[in-house]
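1 is the number of the first residue of the sequence shown in the numbering used here; add one for each residue after it. Just so it is clear, CB atoms sit at the ideal spot from N, CA and C, and this is done for glycine as well. Everything numeric in this text was worked out from a predicted model, so none of it was measured. Written below as structure tokens is the structure these notes are about.
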Amino acid sequence: MTKDEYVKKLQKYYDDNKLKNTDSYGEGYTDGLAEALDYAIGLAEKLEEPKKVVIPKFIAIDIKYHKNYGSTLRDVLGSTFDQNVESDVYCWFFAADGDENVRKYISAWDNGYEVEKEKKYRVKLPGMIGDNGQQYISKSMDDKLFACAYRDYLEQEFTKEELEKFPNWVQQLEFEEIEDD
């Protein structure tokens with residue numbers, strides 16, 4: 001339950017019970033209940049929502065897959081640790097910062113998550129510096145590659161996954177990592 005859902009539930013309970021004019025439990029009971037609910041609502045509104053963790057795309061896909069099939073967190077963690085095959089998730093759990101990764105997975109499962117942005121790269125064309133600057137690999141709408149100086153309206157920034165689909169000669173060129181704005 002989120003903080004907002006909790007506050008709404010308390011508010012509804014408060015509204016439903018304040019309409020009762022009779023105090024069948026004894027004098028002052030309804031007043032005390034109203035005061036307690038006011039206090040509880042005030043405290044609940046001060047609660048902070050848990051922050052969403054940032055996780056890799058493949059972990060987000062794994063969580064979404066298991067939630068869609070009704071798996072519990074316990075099932076998922078148990079099956080990941082019991083696997084004979086080292087899946088990407090298993091390797092992520094047992095990486096150098098694996099304990100932190102397991103905590104992130106649990107938090108992502110419970111509180112939601114944001115998918116980490118994949119790094120993007122421009123591919124420099126060596127020795128191709130014209131009057132308009134360094135030339136980069138660019139991709140046309142019909143997936144043809146061509147050379148052009150940096151233009152923000154052209155497709156010139158690619159993920160590692162996209163670059164792996166390019167011809168082999170492109171893999172031999174220098175990749176320039178793009179800084180996020």
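Check whether the region 74-88 touches the region 134-143, counting contact only when three or more Cβ pairs, one atom from each stretch, lie closer than 8 Å. no
According to DSSP, R122 sits in a beta bridge with which residue or residues? E176
Beta strand (DSSP E) containing S79: first to last residue? From DSSP, S79 is part of no beta strand (DSSP E) but of the alpha helix (DSSP H) over L73 to D82.
Mind checking A108: buried by the 16 CB within 10 Å criterion, or exposed? buried
Alpha carbon of M141 to alpha carbon of F158, nearest angstrom: 14 Å
Just checking my contact of P126 with E174 at CB under 8 Å: how many whole Å lie between their CB atoms? 7 Å
Can you tell which of A40, L73, V54 and A147 has its C-alpha closest to the C-alpha of K9? A40
Can at least three beta-carbon pairs, one atom from the region 100-107 and one from the region 146-153, be found at a separation below 8 Å? no
When DSSP labels each residue in this structure, what does K117 get in the three-state scheme? coil
May I ask which residues mark the beginning and end of the alpha helix (DSSP H) holding A149? No alpha helix (DSSP H) contains A149, which is instead part of the beta strand (DSSP E) from L145 to A149.
What span of residues does the beta strand (DSSP E) with S138 cover, start to end? G133 to K139
L37 versus E116: straight-line alpha-carbon distance, rounded: 40 Å
Using a Cβ cut-off of 8 Å (strictly closer), state whether K139 contacts chain D. Looking at the structure shown, chain D is missing, and only one protein chain is on hand.
In this structure, what does DSSP give as the bridge partners for I129? Q134
Would you mind stating whether A34 and V7 have Cβ atoms separated by less than 8 Å? no
Look up I55 in the DSSP assignment and give the residues it is bridged to. V115
So if DSSP puts F158 in a beta bridge, which residue, or which two residues, is it bridged to? Y121
Please work out which residues of its chain come closer than 6 Å, Cβ to Cβ, to W92, disregarding the five sequence neighbours upstream and downstream, and give them in chain order. N101
From D110 to K119, what distance separates their C-alpha atoms? 27 Å
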